[in-house]
Amino acid sequence: MWRRPLLHGVLAVTAALIWCLSGPVAGAQDGRAVSAEPRLPVGVGPGREPVPTGYAATIRVPQDFDTIQAAVDHARPGGMVLIAPGIYSESVTVTTPYVTIRGLDRDRTIIDGGFERANGIQVFAADGVAIENLTSRDNLLDGFSWNGVHGYWGRYLTAYDDGRSGIAAYGSDDGQLDHSYASGSPHS
């Protein structure tokens, strides 16, 4: 008597396995359009809203682009700009949302304004941008700033001797600054 329920269970499991394994393979060329674009998983940022993370390309400076600005201009939402140690004499404006800009060495990856450029890195109307592990110095205005954004991160940043603020957020909300240091500016 117990053999019949066991036989039905084995048949049900076998049928389920055959059904699962007989479906089309993901990305198979069966007449359907297959996208080569990666799908971005969804996380939750400081603004508690879904933000894209991971899977977008990592762009390296100076290996892929000579300047941080060129790398940022080519970054896609969910992507990362990874910056090798060095002194970068430039001002960077970020307008792509959900990008991470990360230095490889906080003390040796330096954006130098030379008292000629307005900002080290300025995020303008781009939600969810993270700036990490960098130093910015000698800018006319700000070392690192977020302007008109919802959700932002600043981690392991050093800013000094800037004309207005070392690290600042203007008209922005739901941000987080961790393990960061600013000095020598009127408003740090």
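Going by the numbering used here, 92 is the number at position 92 of the sequence shown; the sequence numbering is gapless.
Note that the Cβ used here is the ideal one computed from N, Cα and C, for glycine as well.
- Among Gly184, Asp178, Asp173, which residue has its Cα nearest to the Cα of Gly253? Limits of the chain in this structure are 1 at one end and 188 at the other, which puts residue 253 out of reach.
- Would you call the CB atoms of Gly128 and Gly148 closer than 7 Å? Working through the sequence shown from its first residue, we reach residue 128 at position 128. Working through the sequence shown from its first residue, we reach residue 148 at position 148. At a Cβ-Cβ threshold of 7 Å, Gly128 and Gly148 do not count as neighbours.
- Got a sec? Which residues, its chain only, sit under 6 Å from Gly163 by beta carbon, not counting five neighbours each side? Within the sequence shown, numbered from 1, the residue matching residue 163 stands at position 163. Within the same chain, Gly163 has close Cβ partners Leu140, Leu141.
- Where does Val72 sit, in a helix, a strand or coil, going by DSSP? As a position in the sequence shown, residue 72 is number 72, starting the count at 1. Val72: helix per DSSP, three-state reduction.
- Message: What does the alpha-carbon distance come out to for the pair Tyr170 and Val123?
- Response: Residue mapping note: residue 170 aligns to position 170 of the sequence shown, counting from 1. Residue mapping note: residue 123 aligns to position 123 of the sequence shown, counting from 1. Looking at the two C-alpha atoms, the distance is approximately 10 Å.
- Using CA coordinates, which residue listed in Ser145, Ser180, Thr96 is at the minimum distance from Arg76? On the sequence shown, residue 76 is found 76 positions in, with the first residue counted as 1. Of the candidates Ser145, Ser180, Thr96, the one whose C-alpha sits nearest the C-alpha of Arg76 is Thr96.
- Query: What's the gap between the Cα of Tyr160 and the Cα of Asn119?
  - Reply: Along the sequence shown, read from residue 1 onward, the residue named residue 160 stands at position 160. Along the sequence shown, read from residue 1 onward, the residue named residue 119 stands at position 119. Roughly 12 Å between the two C-alpha positions.
- Message: Whole angstroms are fine: how far does the CA of Ala125 sit from the CA of Tyr88?
- Response: As a first step, residue 88 must be located in the sequence shown, where it is residue number 88. As a first step, residue 125 must be located in the sequence shown, where it is residue number 125. The straight-line gap from Cα to Cα measures roughly 24 Å.
- Query: Run through DSSP, which three-state label would Arg155 get?
  - Reply: The residue you call residue 155 lines up with position 155 of the sequence shown. Arg155 carries a strand assignment under DSSP once its states are collapsed to helix, strand and coil.
- Span of the beta strand (DSSP E) around Glu189: Residue 189 lies beyond the range of the chain shown here (1 to 188); nothing can be said about it.
- What separation, rounded to the nearest whole angstrom, lies between the Cα atoms of Gly175 and Ile131? Translated into positions along the sequence shown, residue 175 becomes position 175. Translated into positions along the sequence shown, residue 131 becomes position 131. For Gly175 and Ile131, the gap between their C-alpha atoms comes out near 12 Å.
- Query: In this structure, what does DSSP give as the bridge partners for Phe144?
  - Reply: Numbered from 1 along the sequence shown, position 144 holds the residue referred to as residue 144. The partner list for Phe144 (beta bridge, DSSP) reads Ile121, Ile167.
- Which partner residues of Val94 appear in the DSSP bridge assignment? The residue given as residue 94 occupies position 94 in the sequence shown. Partner(s): Val123.
- Message: Nearest by alpha-carbon distance to Arg137: which of Arg155, Trp153, Arg108, Trp146 is it?
- Response: Numbered from 1 along the sequence shown, position 137 holds the residue referred to as residue 137. Taking only the C-alpha atoms, the option nearest Arg137 is Arg108.
- Query: At which residues does the beta strand (DSSP E) containing Asp107 begin and terminate?
  - Reply: Translated into the one-based positions of the sequence shown, residue 107 becomes position 107. Asp107 -> no beta strand (DSSP E), and no H or E assigned at all.
- Message: Tell me the rounded alpha-carbon separation between Arg106 and Arg155.
- Response: As a first step, residue 106 is located in the sequence shown; it is residue number 106 there, counting from the start. As a first step, residue 155 is located in the sequence shown; it is residue number 155 there, counting from the start. Each residue's alpha carbon lies about 10 Å from the other.
- Task: Please name the residue, chosen from Ile59, Ser180, Ser145, His74, that lies closest to Ala84 on a Cα-to-Cα basis.
- Result: Along the sequence shown, one-based indexing puts residue 84 at 84. Of the candidates Ile59, Ser180, Ser145, His74, the one whose C-alpha sits nearest the C-alpha of Ala84 is Ile59.
- When Phe115, Asp64, Ser145 are compared against Ala182, the one with the closest alpha-carbon: Mapped onto the sequence shown, residue 182 falls at position 182. It is Ser145.
- Message: Give me the residue from Glu90, Gly79, Gly86 with the minimum Cα distance to Ile101.
- Response: Here residue 101 corresponds to residue number 101 of the sequence shown, with the count starting at 1. Comparing Cα-Cα distances from Ile101 to each of Glu90, Gly79, Gly86, the minimum goes to Gly79.
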